[in-house]
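What follows is one structure encoded as C-alpha cells, with my remarks underneath.
2 protein chains.
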Amino acid sequence: MQEVFYFGAGPAALPRPVLEKIRHELLDYRDTGLSILELPHRSDAFFEIRDQATQLLRELLQIPEEFAVLFMHGGATSQFSALPLNFLGPGRSADYLCTGFWSSRACAEAARLAEVRKIQALCEGESLSIAPAQEWDLDPQATYLHCCDNETIQGIAFPGVPEDLKSALVCDMTSSLLMHPVEVDKYALIYASTQKNLGIAGLCVVILRKDLLERVNEPVPRLYDYRRYVRQDSVVNTPPVFAIYVLREVLDWVRKEGGLPVLHQRSLTRSAQLYRVLDESALYENRVAPEFRSSINIPFAIRDTGALEDFLEQAGQHQLRGLRGHRSAGGVRVSLYNAMPDAGIARLLEFLSDFEARQRRT
Amino acid sequence: MQEVFYFGAGPAALPRPVLEKIRHELLDYRDTGLSILELPHRSDAFFEIRDQATQLLRELLQIPEEFAVLFMHGGATSQFSALPLNFLGPGRSADYLCTGFWSSRACAEAARLAEVRKIQALCEGESLSIAPAQEWDLDPQATYLHCCDNETIQGIAFPGVPEDLKSALVCDMTSSLLMHPVEVDKYALIYASTQKNLGIAGLCVVILRKDLLERVNEPVPRLYDYRRYVRQDSVVNTPPVFAIYVLREVLDWVRKEGGLPVLHQRSLTRSAQLYRVLDESALYENRVAPEFRSSINIPFAIRDTGALEDFLEQAGQHQLRGLRGHRSAGGVRVSLYNAMPDAGIARLLEFLSDFEARQRRT
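In the order they appear, the protein sequences are chains A and B. First residue of the first sequence: 723, per this note's numbering; consecutive thereafter. First residue of the second sequence: 723, per this note's numbering; consecutive thereafter.
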C-alpha cells in the first residue's frame, strides 16, 4: 500500500522515527524490564524523562530562567478554566482578544467563571483579517490579555506581539508551538496541548513567568493550581507518564531536525507552495488576507461546491487523509505540522493540480 | 534475563498480551494507515474504541441503565475537586469517611472548595481497623457520603456498604475496580483512575447515576462538569485517545480471563497465600485486623528494621521489583493487581521464605 499522509488538525501525525522508537521501547523501556506504559511516576527513569523534556523545551525555545515549564493534565481546555481560576476574581478581570474559534471558546469559558472583556478582533469582510492593535480598546487594569497564536479553524495567524503592548500577555500556542521561534519574554504565560506538534492528547505544556504565582487565588482546584505544579515539579498527582515520554521523544526529534529556525523555514516554504497553488487556481479559494494567513492550518473552499465529496474521496484514493474541514467551517483544511514529510506535501500539491485539471475537463 | 515481576502500586504492570497487542498495532491501527497515537478523536475508529470500552465496562460490572459511564481527564485527583465543584455549595455539604491516606486526601481537597464533614473511621490501636458503621455519625442532610473502597497505603479494604445506609454513596475505587464484582446500584457515583487495573495514567473512569445531574452547580469548570461529559459522550475536548484505547484492550483481556468472579477468586487466593506467609513469619508483620485486610495492596514491616534495604536489594536480584512501601509508610508493599502472573506471586512467596530463613541463619 502507498504510504498514508495524514493532514488532520489534531490529534495529528507523529514523526515516523518517533513512532518507531516508541514501538521499539514499548515492551522493555531501556533495560528497566518494564514497559514505558508501566513506568512508575516516582522512578528515576520517569524523572529523567520529565527533566529531559523540560530541558529540551528550554533549549529549543530559549526559555529564560524566570519562567517555569509545567506539564499539566487535560489539554488546552484545562487552561481555559485554570487561567480565570488562578488569576481572576473580585476586582480582577481580563481582556480576551477574539480572532477565531479557539480564542472565542477560551473567552466563553473564562466568562463563565469570572469577569472578562471580549474584544472582537476578527474582521470578516471580503477577506478575513485581524483588527490592528490600536483598535483593540484594551483595559489598562486587566490582569492579563489572552490571545491565540494560530486559529486552526479560520487559518489565521496572530501577526506578532505589538511592540508597545503593556498587558501581561497569555497565549494559546496549541497549534504553533515548536513551529517557529518564540520571544518567550514577551509573554506572561504560554500554553499548548500536545496533540498537534508535541505528541499525543491528554497533556498540556505551560510556560509561565514565575512572578505570576504571587497573584494566584485561594483556593484553586488541585490539578489547576499553577503553584502546586511549580512546587512539585509537575508531579501533583500521577502525571500522564506516557504522554510526557512521547513529548520528550518528539522534542529530541525536533532538535535533531535542526531546531525551530529550520522547522520554521520548512513551514514557510511548504505553506507558500500551497498558497501559490490555491491563489493560481480558479477552483480553490482561501479567504484569509495574505498578511494573516496561517502557515500551519490552511482552509479553503472548493468553488464548485458540489465537488467537495469527490475531492475528499479522490484524495483518499491517493492516501491523502484528514482533509475534511472542521464541521463548523466545511470545505477542505490542510494542516502542515512539523511531522509532515516532504513527500506528503508534494503528493498533495500534485493532487490539487490534477483534480482541478480533471474538473475543468468535465 | 529472568522475567521481571513488578509489584508497584501504580502505574502498575499491564497484562503481557495487552502490551504485545499495543505494540503490534502501534504503527498501523487496523489498516487505517495511522498509528493509534495519531487517531483523530472524531473518527469512527475512535468512537468504536470509546463505545466498546463503555460496553465492556457495562457488561463486566453489570452497570444498570440509569448509570452513565464517563471517561475524564486527570486521574482520581480530578474527582477530588470535581465532586465538590459539581455538587456542594451554600446549604449543601458532604460527609467524608476517612479510612486512610487517599480518603483523607479526597476530604482535604473537598474541604478547600466547600463545606464537608470529616468522619475519622480509621482506628489505629494494636491493629488497624475501620470503625463500625453505627459509629459513623452521619449527617442525614449530607449531599453525599464519600468513601474509598481500598486504601493502597494502609492496605485496608472497605468492609462493604452497610445494609441500611441512607446516604448517596460516592466511592473511590481506583485500586479495586475490576478486582471484584460490584453492586453498582448501591452507589451514587463510582470513580477510578486507570493506572492500576485499567490501563495507563491520565484517565479517570466515572460511573454515575444520571439523576445526580439535576443537582449540578453552575458554573463548573468545563472539564469537571459531569453534565457535559454525559451530553457529549466523553468528547468534551480532545480526550486522551491512547489511554482510552489501552482501557479497551485491558477490558477485553479481563473478559477473556473470565470476568470479575474469576479475577476476584484469583485475587483472594493469592492474597491469602501471602497473608499466610506473613502471619506464620517471625520477621514480617502486617498490622491490619484480618477482617479489614486488603487483598490488593499488602503492606508489611520487617521486624528487623535494619534488614529492609537488604530485602529490597535481594528481591531486585530476583527481578521482584516495586516492593518499597509508600514514602509515608516505609517498609514493604506488595500490590497484587489483576495483571500479576501466577509465576510472579510464586516467585515472591518463595523469596519471602528464603529471605527469612537466611536472616535466621545470620
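By construction, the Cβ of each residue, glycine as well, lies at the ideal position given by its N, Cα and C atoms. As the structure is a prediction and not an experimental result, all values here were calculated from the model.
Residues bridged to M794/A [DSSP beta-bridge criterion] | For the purposes of this step, residue 794/A is identified with residue 72 of the first sequence, where counting begins at 1. For M794/A, which the question treats as bridged, DSSP gives the partners C926/A.
E831/B touches chain A at which residues, Cβ-Cβ below 7 Å?
-> For the purposes of this step, residue 831/B is taken as residue 109 along the second sequence, with counting starting at 1. In chain order: R944.
Beta-carbon of L759/A versus every beta-carbon of chain B: anything under 7 Å?
-> Here residue 759/A refers to the residue found at position 37 when the first sequence is read from its first residue. Yes, because at least one Cβ of chain B sits closer than 7 Å to the Cβ of L759/A.
Just how far apart, CA to CA, sit P854/A and L844/A?
-> Position 132 of the first sequence holds residue 854/A. Position 122 of the first sequence holds residue 844/A. Distance between the alpha carbons of P854/A and L844/A is about 10 Å.
Sub-7 Å separation of V687/A and L1070/A beta-carbons | For chain A, the structure presents residues 723 to 1084; residue 687/A sits outside this window and is missing.
Should the stretch 818-827 of chain B be called in touch with the stretch 981-1000 of chain B, which here means at least 3 C-beta pairs below 8 Å?
-> no
List the residues of chain A whose Cβ lies closer than 8 Å to the Cβ of Y728/B, in chain order.
-> Position 6 of the second sequence holds residue 728/B. Within 8 Å Cβ-Cβ: G755, L756 and E760.
With 16 as the cutoff for other CB atoms within 10 Å, does S1016/B come out buried or exposed?
-> Taking the first residue of the second sequence as position 1, residue 1016/B is located at position 294. Counting C-beta atoms within 10 angstroms of its own C-beta, S1016/B has 16 or more neighbours from the protein chains shown and is therefore classed as buried.
Going along the chain, which residues of its own chain have a beta-carbon closer than 8 Å to the beta-carbon of Y866/A, five neighbours each way excluded?
-> Here the question's residue 866/A lines up with position 144 in the first sequence. These residues qualify, in order along the chain: L805, F809, A816, D817, S889, A890, L891, V892, A910 and L911.
Alpha carbon to alpha carbon, what distance is there between H1040/B and F1073/B?
-> Residue 1073/B sits at position 351 when you count from the first residue of the second sequence. Residue 1040/B sits at position 318 when you count from the first residue of the second sequence. Cα-Cα distance, rounded: 8 Å.
Taking only runs that begin and end inside the stretch 723-758 of chain A, name each unbroken alpha helix (DSSP H) of 4 or more residues, in chain order.
-> 738-747
So L920/B packs on V927/B, CB below 8 Å; how close in whole Å?
-> The count along the second sequence starts at 1 and reaches residue 920/B at position 198. The count along the second sequence starts at 1 and reaches residue 927/B at position 205. Right, the Cβ-Cβ distance comes to about 6 Å (below 8 Å), so this counts as a contact.
In chain B, which residues lie less than 9 Å from T960/A when you measure between Cβ atoms?
-> Stepping through the first sequence from its first residue, residue 960/A is reached at position 238. Those within 9 Å of T960/A in chain B are G732, P733, G797, A798, T799, S915, Q917, A923 and G924.
Enclosing alpha helix (DSSP H) for F1022/A [first to last residue] = Residue mapping note: residue 1022/A aligns to position 300 of the first sequence, counting from 1. Here F1022/A belongs to no alpha helix (DSSP H); instead the beta strand (DSSP E) covers N1019 to I1024.
Any chain B beta carbon closer than 7 Å to V928/A | Against the first sequence, residue 928/A aligns to sequence position 206. Answer no: the Cβ-Cβ gap between V928/A and chain B never drops below 7 Å.
Could you work out which residue in P943/A, S897/A and Y1006/A is closest to I922/A when comparing CA atoms only?
-> Stepping through the first sequence from its first residue, residue 922/A is reached at position 200. Here the closest residue by C-alpha is S897/A.
Per DSSP, R931/A forms a beta bridge with which residues?
-> Your numbering for residue 931/A matches position 209 in the first sequence. R931/A pairs with F789/A.
Under the assumption that V952/B contacts K932/B (Cβ atoms under 8 Å), give the Cβ distance between them as a whole number of angstroms.
-> To locate residue 952/B, count along the second sequence from 1; it is residue 230. To locate residue 932/B, count along the second sequence from 1; it is residue 210. Sure, about 7 Å apart at Cβ, within 8 Å.
Taking Cβ positions, are I1020/B and G877/B nearer each other than 7 Å?
-> Along the second sequence, read from residue 1 onward, the residue named residue 1020/B stands at position 298. Along the second sequence, read from residue 1 onward, the residue named residue 877/B stands at position 155. Between I1020/B and G877/B, the CB-CB gap stays under 7 Å.
List the residues of chain A that I744/B touches, going by C-beta distances under 7 Å, in chain order.
-> Here residue 744/B refers to the residue found at position 22 of the second sequence. Taking the beta carbon of I744/B as reference, the chain A residues within 7 Å of it are L748, listed in sequence order.
Residue range of the unbroken beta strand (DSSP E) whose run includes S851/B = The residue given as residue 851/B occupies position 129 in the second sequence. Element bounds for S851/B: L850 to I852.
Looking at chain A, which residues of the stretch 1024-1052 of chain B have a Cβ within less than 9 Å of any of its Cβ atoms?
-> Q1041, R1043, G1044 and R1049
Who are the Cβ neighbours of L819/A in its own chain at under 7 Å, not counting the five residues just before and after it?
-> Residue 819/A sits at position 97 when you count from the first residue of the first sequence. Result list for L819/A: S825, I841, A843, W858, L867, H868 and C869, in chain order.
For chain A, find out if any of its Cβ atoms is closer than 7 Å to the Cβ of V963/B; answer yes or no.
-> Stepping through the second sequence from its first residue, residue 963/B is reached at position 241. Taking Cβ atoms only, chain A reaches closer than 7 Å to V963/B, which makes this a yes.
Partners in chain A for M968/B, counting only beta-carbon separations shorter than 8 Å | Within the second sequence, numbered from 1, the residue matching residue 968/B stands at position 246. According to the sequence shown, residue 968/B is Val rather than Met. Chain A residues near V968/B: L759.
Whole alpha helix (DSSP H) elements within the stretch 967-1017 of chain B, 4-residue minimum = Complete alpha helix (DSSP H) runs here, min 4: 982-1002.
Would a C-beta distance cut-off of 7 Å place P962/A and G730/B closer than the cut-off?
-> Here residue 962/A corresponds to residue number 240 of the first sequence, with the count starting at 1. Here residue 730/B corresponds to residue number 8 of the second sequence, with the count starting at 1. No, these two residues do not count as a Cβ contact at 7 Å.
Which partner residues of I1067/B appear in the DSSP bridge assignment?
-> By 1-based counting over the second sequence, the position of residue 1067/B is 345. As computed with DSSP, I1067/B is found in no beta bridge at all.
Can you find a C-beta in chain A that's less than 7 Å from the C-beta of R1055/B?
-> Here residue 1055/B refers to the residue found at position 333 when the second sequence is read from its first residue. By this cut-off, R1055/B is not an interface position.
In angstroms, rounded to a whole number, what distance separates the CA positions of V1054/B and A1029/B?
-> Position 332 of the second sequence, counted from the first residue, corresponds to residue 1054/B. Position 307 of the second sequence, counted from the first residue, corresponds to residue 1029/B. C-alpha separation (whole angstroms): 11 Å.
Count the other C-beta atoms from every protein chain shown that fall within 10 angstroms of the C-beta of L971/A, then say buried if there are 16 or more, exposed otherwise.
-> Here residue 971/A is taken as the residue at index 249 of the first sequence, counted from 1. Per the sequence shown, the amino acid found at residue 971/A is Glu instead of Leu. Burial call: buried.
What is the rounded straight-line gap between the Cα of A1004/A and the Cα of T1027/A?
-> Position 282 of the first sequence, counted from the first residue, corresponds to residue 1004/A. Position 305 of the first sequence, counted from the first residue, corresponds to residue 1027/A. Distance between the alpha carbons of A1004/A and T1027/A is about 13 Å.
Looking at the structure shown, is I841/A part of a helix, part of a strand, or coil, going by DSSP?
-> Within the first sequence, numbered from 1, the residue matching residue 841/A stands at position 119. It is a strand residue.
Label K978/B either buried or exposed according to how many other C-beta atoms from any shown protein chain fall within 10 Å of its C-beta, with 16 as the threshold for buried.
-> The residue given as residue 978/B occupies position 256 in the second sequence. Exposed, because fewer than 16 other Cβ atoms sit within 10 Å of the Cβ of K978/B.
Give the residues of chain A in contact with L935/B, contact being defined as C-beta atoms less than 9 Å apart.
-> Here the question's residue 935/B lines up with position 213 in the second sequence. Neighbours of L935/B on chain A: none; closest Cβ ~18 Å, over 9 Å.
Which residues of chain A have a Cβ atom closer than 7 Å to the Cβ of S826/B, listed in chain order?
-> What you label residue 826/B is simply residue 104 of the second sequence in a count that begins at 1. Going along chain A, no residue has its Cβ under 7 Å from S826/B, so there is no contact; the nearest lies around 14 Å.
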